[in-house]
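Participant:
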Amino acid sequence: MDNNNSKSGGQLPPFLHNTRLRRIMIFIAITVIYGVVVSFLYSMVSAVVLVAISIVGLIYTIVMMNEISSDTNKYIADLSYRIHRGEQEALLEMPIGVLVLGDNKRIEWANPFLLNYFKDENVLQKTLGDLDHNLEETILKYEDSNEFHTITWRDNKFSMLVQREYNTIYFLDITKYAKLEERYDNEQITVGQIFLDNYDEITQSMTDQEISNLSNYVTNELASWSQKYGMYLKQIDDDHFFLLAYVKSLNDVEADKFNILDVVRESTSKQNFPLTLSIGISYGDEDLNSLADQAQSNLDLALGRGGDQVVVRELDGTARFYGGKTNPMEKRTRVRARMISQALNELMNDSDQVFVQGHTRPDMDSLGACLGIRRIAQMNGKKCWIVLDKEQVHSDIQRLLQETKSYPEISDAIITPAEAMAKATANSLLIMVDHSKPSISISEDVYQTMAKKVVIIDHHRRGEEFPENPMLVYIEPYASSTCELITEMFEYQSHEEEPINKVEATAMLTGIFVDTQRFSMRTGTRTFDAASYLRSTGADSNDMQQLMKENVDNYLERNHLISLVEFFNDNMALITGEDDKAYDSVTAAQACDSLLTMAGVDAAFIITKRLDGRVGISARSTGNINVQIIMEQMGGGGHLSSGATQIDDKSVSDVKEMLLETIKNIDDNE
């Protein structure tokens, strides 16, 4: 009985297995039965006719519904087959590589598209390591990532996705698009400015024929150089050239480290007319005006760092420096000193008051320059305030401050950063001396308050950090000291005003004396002219000696540091202080200076923990090694023969390793 029911149940019309069709059939059946019952109540004949029609209609409906159900099933089955077949064909034929891995990174399957990149290699059941070690390393590198990564494999570029849970890797060949992107990058426009640093100074003493020969030589060298790398060069003045190139050419020139600098310098030096180049190059924008402005800014940076170098910078990017391995040539003249002095006087006269500040932990050059500026402001009838943190000064500065108490007008003009902030107005002028980096000013807050009216007077090479839109910039890396630059300005002040006094002259001469290491380094004829002028205005050599005297503690600390010296690279000396002991930065710098007096030492470095908790490095050189480049690599700056930097959150031992690694990297890239 049960078997029969089961059998009959299995013989139901096909359409009744469809829920929706079954419901429609039930509705039709109920409607017909209801109509027949009603017809029997009114007319037997009509009811019989209606029954016959209903039976025929039901039979027809059942047949049609069976056909519809059958056709639908056939369509679904056919569609499923086509979809499944399409999936298989797509997996085999689609232009995306698919790699399926099994245990131990064995290849279980790869679609034909990917097999083409293996050429005739049999890849199945081989491990990735046996087949392609580089591919294995790449997959392992990104196997925990669910994102696409661009890789290079077998001279092709791929966008690769690793699905670790399915042991499947997808490779989309983007070589064509990568080449288009590379071509786009290579064909970006580069704008450059080339300047002959000391052309005017050299040609002043030359005959017309010699000037013509020199100009022809330089022009021919630059033209050959530009043609070699596919660049456009146009001379726009005797000492100025315009450069236009693609980024690809720029990359090639950078790979050659701008050898044109060495070629021109060495060739002209042999002719006793040492000429150097400064180049500023910019790229990374479609706006040619922006590129031209950036190129000029880069050239200004190269000149501010002493010339004989190249500054390359992408718009809003980080500057890259080339060259700068030689001492800067003297390019300033008495005419320029007079023009700077006059411009400074005008700015002072247009301001209600003047503020001057040096760098943190000021030395004699920094404070001496501040005193000189205060005197120049007084000569122009302006009140000048010297911003100084008296709690952060060395013993020599303390002695100088003690000396100024005999001059109330000077002593009263020395104020704290907080007092300066309170006195400053929108029409106040700020003069930064002996530095150009706001971050190392006595007070960066004072700078921010008067950032719209800033003057910079410095003898250090300009770095990337620089005030935005200063009103006047006088950076002369050739000068021995900032005091030398300011001393020259006194010649162009009113002689009716009270002249520089004894303590000011002594402080400024001491600044020159200290920065030149007793007139033994970075001195020129202008250095001795400035020293002679200060001596004639009352600078006292005995007072200088008193200012430079060390106290016993500093003397013992300096000698202790010198005893820690070690030598490396045959001609370099290094002092490394203790991790748990802090030293005064001036004492450390003096110890570093002492190392240069040792035979065979061309460069000296000292690493100590500073009183402010940071680790400081002082670097000195005889000029044969550019310590400025080393310090810049570590976030600092300075001169070719003098540099420094400070590093946060590192121990003295850690910084020592950083320094040695930096020197090694620079030597490897030479």
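Under the UniProt record's numbering, the first residue of the sequence shown carries the number 1, and numbering increases by one thereafter.
Positions of the beta carbon are idealized from the N, C-alpha and C atoms, including for glycine.
#1: Distance, Cα to Cα, R22 vs M44?
#2: Let me make sure I understand the geometry here. Which of A413, V455, H459, E498 has the alpha-carbon closest to that of L344?
#3: Apart from the five residues on each side of it in sequence, which residues of its chain come closer than 6 Å, Cβ to Cβ, to M206?
#4: Tell me whether residue 685 sits in a helix, a strand or coil according to DSSP, three-state version.
#5: Could you spell out the range, first to last residue, of the alpha helix (DSSP H) harbouring K105?
#6: Tell whether a beta-carbon distance below 9 Å holds between Q188 and G280.
#7: Cβ atoms of T482 and D434: under 9 Å apart, would you say?
#8: Which of the three DSSP states, helix, strand or coil, is assigned to V615?
#9: Provide the residue span of the alpha helix (DSSP H) that contains L288, from first to last.
#10: Using 9 Å as the threshold, is the C-beta distance between L472 and V354 below it?
#11: Measure the beta-carbon distance from T576 to M544 and round it to whole angstroms, keeping in mind my assumption that it falls under 8 Å.
#12: Run through DSSP, which three-state label would S481 get?
#13: Keeping to the same chain, check which residues put their C-beta closer than 7 Å to that of N515; ignore five residues upstream and five downstream.
#14: Would DSSP call V162 helix, strand or coil?
#15: Using 8 Å for Cβ pairs, my map puts L547 next to D396. What's the rounded Cβ distance?
#16: What does a CB cutoff of less than 8 Å around Y407 pick up in its chain, not counting 5 residues either side in sequence?
#17: Given a cut-off of 9 Å on the beta-carbon distance, is the pair L135 and E121 in contact?
#18: Whole alpha helix (DSSP H) runs in the UniProt domain "GGDEF" (187-315) with 4 or more residues, listed along the chain?
#19: Could you tell me which of S443, A531, E403 sits nearest to P417, measuring between CA atoms?
#20: One question on the structure: do A255 and T190 come within less than 9 Å of each other, judged by their Cβ atoms?
#21: In the DSSP assignment, find the unbroken alpha helix (DSSP H) run with V552 in it and report its ends.
#22: Using C-beta distances below 6 Å, list every residue in its chain close to G368, excluding the 5 sequence neighbours before and after it, in chain order.
#23: Kindly provide the ranges of any beta strand (DSSP E) runs that are 3 or more residues long and lie completely inside the segment 122-165, ordered along the chain.
#24: Among residues of its own chain, excluding the 5 on either side of N3, which ones have a beta-carbon nearer than 7 Å to its beta-carbon?
#25: Could you tell me whether the Cβ atoms of I151 and T138 are closer together than 9 Å?
#26: From this set, A426, V655, N156, which residue's C-alpha is nearest K609's C-alpha?
#27: Can you tell me the Cα-Cα spacing of S619 and V98, whole angstroms?
#28: Return the chain-ordered ranges of every beta strand (DSSP E) run that is complete within the segment 339-380 and spans a minimum of 3 residues.
#29: What does DSSP give as the partner residues of Y170 in its beta bridges?
#30: Should the segment 552-565 be called in touch with the segment 514-533, which here means at least 3 C-beta pairs below 8 Å?
#31: Quick one: is E488 buried, meaning 16 or more other Cβ sit within 10 Å of its Cβ, or exposed?
#32: Short of 6 Å in beta carbon distance, which residues of its chain neighbour N5, apart from the five on each side in sequence? Order them along the chain.
#33: Would you kindly work out how many angstroms separate the C-alpha atoms of L371 and G636, rounded to a whole number?
#34: For S411, which of helix, strand or coil comes out of DSSP?
#35: Tell whether a beta-carbon distance below 9 Å holds between L574 and L659.
#36: Beta-carbon within less than 6 Å of A337's beta-carbon, same chain only, minus the 5 sequence neighbours each way: which residues are those?
Facilitator: Taking the structure as given:
#1: 31 Å
#2: V455
#3: Nothing listed; no residue qualifies.
#4: In the structure as shown, the chain begins at 1 and stops at 670. Residue 685 is therefore absent and cannot be evaluated.
#5: First-last for K105: undefined, no H or E at that position.
#6: Going by C-beta atoms, Q188 is not nearer than 9 Å to G280.
#7: yes
#8: Look at V615 here: in three-state DSSP terms it is strand.
#9: 288-304
#10: Against a cut-off of 9 Å, the Cβ pair of V354 and L472 comes out as no contact.
#11: Incorrect: roughly 32 Å between the Cβ atoms, too far for contact.
#12: Three-state DSSP puts S481 in coil, outside helix and strand.
#13: Sequence inspection shows Asp at residue 515; the Asn mentioned does not correspond to that position. Closer than 7 Å at the Cβ level, and outside the excluded window around D515, lie D365, S480, S481.
#14: strand
#15: 5 Å
#16: N501, V503
#17: no
#18: Runs found: 199-203, 208-228, 247-255, 260-270, 288-304.
#19: S443
#20: no
#21: Note, V552: alpha helix (DSSP H), 552-562.
#22: Same-chain partners within the cutoff: C483, A507, M508, G511.
#23: 149-153, 156-163
#24: Its pLDDT being 47, under 50, N3 is placed unreliably by the model, and the measurement read from it follows with that caveat. Hits under 7 Å: none found.
#25: yes
#26: V655
#27: The displayed chain sequence assigns Ala, not Ser, to residue 619. So the two alpha carbons sit approximately 57 Å from each other.
#28: Runs found: 354-357.
#29: V98, L161
#30: no
#31: buried
#32: Unreliable positioning characterises N5 in this predicted model, as indicated by a pLDDT of 43, which lies under 50. The coordinate reading is nonetheless provided below. Excluding residues up to 5 positions away in sequence, nothing lies with its Cβ nearer than 6 Å to the Cβ of N5 in the same chain.
#33: 26 Å
#34: In this structure, DSSP gives S411 a helical state, which the three-state scheme calls helix.
#35: With contacts defined by Cβ atoms closer than 9 Å, L574 and L659 form a contacting pair.
#36: E488
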